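Asks:
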Amino acid sequence: MNKNNLDQKLRYNDGGNVHMDFHGATNTTIKFIIDKYGIDTMNDIFKKVGNNVYKNIKDHIKKGNIEMLAKHWQHFFDRENADYNISINDEEIILTVNRCTAYEHVRKLVGNVSPNFCDQTIKTNEALAEDTPYEIKTEILGEAACRQTIRKRA
Amino acid sequence: MIPSDHFTRFYNEVFKFLEDQGEEHLEAYWLEISKNQEKHTLELFKEKGLKGMYEYWDHIRIEENCDMDLKLDDEKLELRMNVCPSLSKVLDNDAEPMKRYCDHCAGWIGPLIDKVDHHLVYDVIDRNKPQCVVKIFKDKEKAIEEEKNAKLLMGWPKKKK
Numbered sequence: 017m018n019k020n021n022l023d024q025k026l027r028y029n030d031g032g033n034v035h036m037d038f039h040g041a042t043n044t045t046i047k048f049i050i051d052k053y054g055i056d057t058m059n060d061i062f063k064k065v066g067n068n069v070y071k072n073i074k075d076h077i078k079k080g081n082i083e084m085l086a087k088h089w090q091h092f093f094d095r096e097n098a099d100y101n102i103s104i105n106d107e108e109i110i111l112t113v114n115r116c117t118a119y120e121h122v123r124k125l126v127g128n129v130s131p132n133f134c135d136q137t138i139k140t141n142e143a144l145a146e147d148t149p150y151e152i153k154t155e156i157l158g159e160a161a162c163r164q165t166i167r168k169r170a
Numbered sequence: 763m764i765p766s767d768h769f770t771r772f773y774n775e776v777f778k779f780l781e782d783q784g785e786e787h788l789e790a791y792w793l794e795i796s797k798n799q800e801k802h803t804l805e806l807f808k809e810k811g812l813k814g815m816y817e818y819w820d821h822i823r824i825e826e827n828c829d830m831d832l833k834l835d836d837e838k839l840e841l842r843m844n845v846c847p848s849l850s851k852v853l854d855n856d857a858e859p860m861k862r863y864c865d866h867c868a869g870w871i872g873p874l875i876d877k878v879d880h881h882l883v884y885d886v887i888d889r890n891k892p893q894c895v896v897k898i899f900k901d902k903e904k905a906i907e908e909e910k911n912a913k914l915l916m917g918w919p920k921k922k923k
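Taken in order, these protein sequences are the chains called A and B. Just add 16 to the spot in the first sequence (first one is 1) and you have the numbering used here. Just add 762 to the spot in the second sequence (first one is 1) and you have the numbering used here.
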């Protein structure tokens, strides 16, 4: 694993203030789409996010540069002040989110978080890994906590 | 997690799907977002009127990193968006932007302003440029007069006549 890859620039490298209320709008959207069109439609939209919005990260993963995904995680979980850690070894990169501030913010805003809220992570990750030599496994460890692992497919 | 920084690119994917289903699907979603936004705004707008609206958009100006000028007087609130971060991100995107991305803004703000008996004039100017001018009037006749000056006037679901 080439840790120097972490110095490469992210395609979307946001700065400035963070508007956490957007997570509330994501929660509303997930509920709206699933209620009206079903879960498969919601998952298809997340798939498009993974394949198209994050095309650049996906291209890096295809080439074996999975450090760009770690860099993306680091940049945005830092911006959102989450409690997380990333471990990088020769086989895999593991992101452990102990306290997801997106989830917590929605809980604070609306009380009830959609049971499908974390599908945005699970399904976008699946799409990022699809047609690449890697898999991304997302395990929900409890409310506002998960582990995301990217490693070469067996 | 789709970072809050990338919400607008997710939003863009949702809009494209809904547009393919038909206009009424898109409008139903804007109304749902409007309802969601009521939680942050409705009481404030009802209680303080234009001043409450100024407070809300001044907060948004800072938190969403908008290059926006806000001007409040006794008759109206004027928001002049010089660089809209929302459309800017959608245009700076590896996914294709929805052609009518800007329409969602009037789509959720319009119904909310109708509810508090004020009058919105939303001039997008050009859907391909991240700038717009929004004016909210107390007086309906002044809003109707102002609509004549708009370059690209936006409507919204169930707009009050």
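A virtual CB, placed ideally from N, CA and C, is assigned to each residue, including glycine. None of these values were measured; they are calculated from a predicted model.
Name the one or two DSSP bridge partners that residue 111(A) has.
Replies: Here residue 111(A) corresponds to residue number 95 of the first sequence, with the count starting at 1. 102(A), 164(A).
Asks: Using 8 Å as the threshold, is the stretch 856-870 of chain B in touch with the stretch 767-787 of chain B, meaning 3 or more CB pairs across them?
Replies: yes
Asks: When the Cα atoms are used, what is the spatial distance from residue 140(A) to residue 812(B)?
Replies: Counting from 1 along the first sequence, the entry for residue 140(A) is found at position 124. Counting from 1 along the second sequence, the entry for residue 812(B) is found at position 50. Straight-line measurement puts the Cα of residue 812(B) at about 41 Å from the Cα of residue 140(A).
Asks: Would you mind working out which of 161(A), 105(A), 84(A) sits nearest residue 116(A), comparing C-alpha positions?
Replies: Along the first sequence, one-based indexing puts residue 116(A) at 100. Of 161(A), 105(A), 84(A), the residue nearest in Cα terms is 161(A).
Asks: Hey, how far is the Cα of residue 72(A) from the Cα of residue 143(A)?
Replies: By one-based count along the first sequence, residue 72(A) stands at place 56. By one-based count along the first sequence, residue 143(A) stands at place 127. Computed Cα separation, rounded: 13 Å.
Asks: Closer than 7 Å between beta carbons: that is the criterion. Which residues of the stretch 820-844 of chain B meet it against chain A?
Replies: Here the close residues are 824, 825, 826, 827.
Asks: When Cβ atoms are compared, which residues of the stretch 66-92 of chain A fall closer than 7 Å to chain B?
Replies: 68, 69, 71, 72, 92
Asks: Using only the alpha-carbon positions, how far apart do residue 877(B) and residue 112(A) sit?
Replies: As a first step, residue 877(B) must be located in the second sequence, where it is residue number 115. As a first step, residue 112(A) must be located in the first sequence, where it is residue number 96. Between the alpha carbons of residue 877(B) and residue 112(A) lies a gap of roughly 44 Å.
Asks: For a test of the three-state rule: what should DSSP assign to residue 55(A), helix, strand or coil?
Replies: Here the question's residue 55(A) lines up with position 39 in the first sequence. Looking at residue 55(A) - three-state DSSP - the assignment turns out to be helix.
Asks: Over what stretch of residues does the alpha helix (DSSP H) that includes residue 823(B) continue unbroken?
Replies: Taking the first residue of the second sequence as 1, we reach residue 823(B) at position 61. Counting along the chain, the alpha helix (DSSP H) containing residue 823(B) begins and ends at 812-825.
Asks: Helix, strand or coil for residue 897(B)? Go by DSSP, reduced to three states.
Replies: By one-based count along the second sequence, residue 897(B) stands at place 135. Note: residue 897(B) maps to strand in three-state DSSP.
Asks: How do the stretch 86-101 of chain A and the stretch 810-828 of chain B stand: do at least 3 beta-carbon pairs fall below 8 Å, yes or no?
Replies: Between the stretch 86-101 of chain A and the stretch 810-828 of chain B, the count of Cβ pairs shorter than 8 Å is below three; the stretches do not touch.
Asks: From 841(B), 803(B), 902(B), pick the residue whose C-alpha is nearest to that of residue 921(B); which is it?
Replies: Within the second sequence, residue 921(B) is the residue found at index 159, counting from 1. Selected option, being the one with the closest Cα: 902(B).
Asks: Using 10 angstroms around the beta-carbon of residue 865(B), count the other beta-carbons present and answer buried if the total reaches 16, otherwise exposed.
Replies: Here residue 865(B) corresponds to residue number 103 of the second sequence, with the count starting at 1. By the neighbour-count rule (16 or more Cβ atoms within 10 Å), residue 865(B) is buried.
Asks: Suppose contacts are defined by Cβ-Cβ distances below 8 Å. Is residue 122(A) in contact with residue 768(B) by that definition?
Replies: By 1-based counting over the first sequence, the position of residue 122(A) is 106. By 1-based counting over the second sequence, the position of residue 768(B) is 6. Not closer than 8 Å, so no.
Asks: Starting from residue 877(B), follow the alpha helix (DSSP H) in both directions and report where the run begins and ends.
Replies: The sequence position of residue 877(B) within the second sequence is 115, counting from 1. First-last of the alpha helix (DSSP H) with residue 877(B): 865-877.
Asks: Strictly under 8 Å for the Cβ-Cβ distance: is residue 61(A) near chain E by that measure?
Replies: Given the protein chain composition of this structure (A and B), no chain E is represented.
Asks: For residue 34(A), return the contacting residues in chain B, with the cut-off set at a CB-CB distance below 8 Å.
Replies: Here residue 34(A) refers to the residue found at position 18 when the first sequence is read from its first residue. The contacting residues are 766, 767, 825.
Asks: Could you tell me if residue 803(B) is buried or exposed, where buried requires 16 or more neighbouring beta carbons within 10 angstroms of its beta carbon?
Replies: For the purposes of this step, residue 803(B) is taken as residue 41 along the second sequence, with counting starting at 1. That one is buried.
Asks: Which residues, taken in chain order from the stretch 790-809 of chain B, show a beta carbon closer than 9 Å to some beta carbon of chain A?
Replies: 790, 791, 794, 795, 797, 798, 799, 801, 802
Asks: Quick one: which residues of the stretch 854-866 of chain B get their C-beta closer than 9 Å to a C-beta of chain A? List them in chain order.
Replies: Cβ contacts with chain A come from 854, 855, 856, 857, 858.
Asks: Chain A beta carbons: is any one of them nearer than 8 Å to that of residue 781(B)?
Replies: The count along the second sequence starts at 1 and reaches residue 781(B) at position 19. No, because no Cβ of chain A sits closer than 8 Å to the Cβ of residue 781(B).
Asks: Are the C-beta atoms of residue 163(A) and some chain B residue less than 8 Å apart?
Replies: Position 147 of the first sequence, counted from the first residue, corresponds to residue 163(A). Answer no: the Cβ-Cβ gap between residue 163(A) and chain B never drops below 8 Å.
Asks: Given that residue 44(A) touches chain B, what residues does it touch there, using C-beta distances under 7 Å?
Replies: If you number the first sequence from 1, residue 44(A) lands on position 28. Chain B residues near residue 44(A): 794, 795, 798.
Asks: Thinking residue 763(B) and residue 90(A) are a contact (beta carbons under 8 Å), I'd like their distance in whole angstroms, please.
Replies: Here the question's residue 763(B) lines up with position 1 in the second sequence. Here the question's residue 90(A) lines up with position 74 in the first sequence. With a Cβ gap of about 13 Å, residue 763(B) and residue 90(A) do not count as contacting.
Asks: Expressed to the nearest angstrom, what Euclidean distance is found between the alpha-carbon atoms of residue 779(B) and residue 51(A)?
Replies: Taking the first residue of the second sequence as position 1, residue 779(B) is located at position 17. Taking the first residue of the first sequence as position 1, residue 51(A) is located at position 35. Spanning the two alpha carbons is a distance of roughly 15 Å.
Asks: If you draw a straight line from the alpha carbon of residue 108(A) to that of residue 99(A), how long is it in whole angstroms?
Replies: Taking the first sequence and counting its residues from 1, one reaches residue 108(A) at position 92. Taking the first sequence and counting its residues from 1, one reaches residue 99(A) at position 83. So the two alpha carbons sit approximately 20 Å from each other.
Asks: Residue 49(A) versus chain B: which residues are under 9 Å apart at the beta carbon?
Replies: What you label residue 49(A) is simply residue 33 of the first sequence in a count that begins at 1. Residues of chain B whose Cβ lies closer than 9 Å to the Cβ of residue 49(A) are, in chain order, 776, 779, 780, 791.
Asks: So is residue 118(A) buried or exposed if we call it buried at 16+ other beta carbons inside 10 Å?
Replies: Numbered from its first residue, the first sequence carries residue 118(A) at position 102. Classification of residue 118(A): buried, given that the 10 Å Cβ count is 16 or more.
Asks: Do we get a CB-CB distance below 8 Å when we pair residue 771(B) with the residues of chain A?
Replies: Along the second sequence, read from residue 1 onward, the residue named residue 771(B) stands at position 9. True, the Cβ-Cβ gap to chain A drops below 8 Å.
Asks: What are the boundary residues of the alpha helix (DSSP H) that includes residue 83(A)?
Replies: Position 67 of the first sequence, counted from the start, is the residue given in the question as residue 83(A). Start and end: 83-95.
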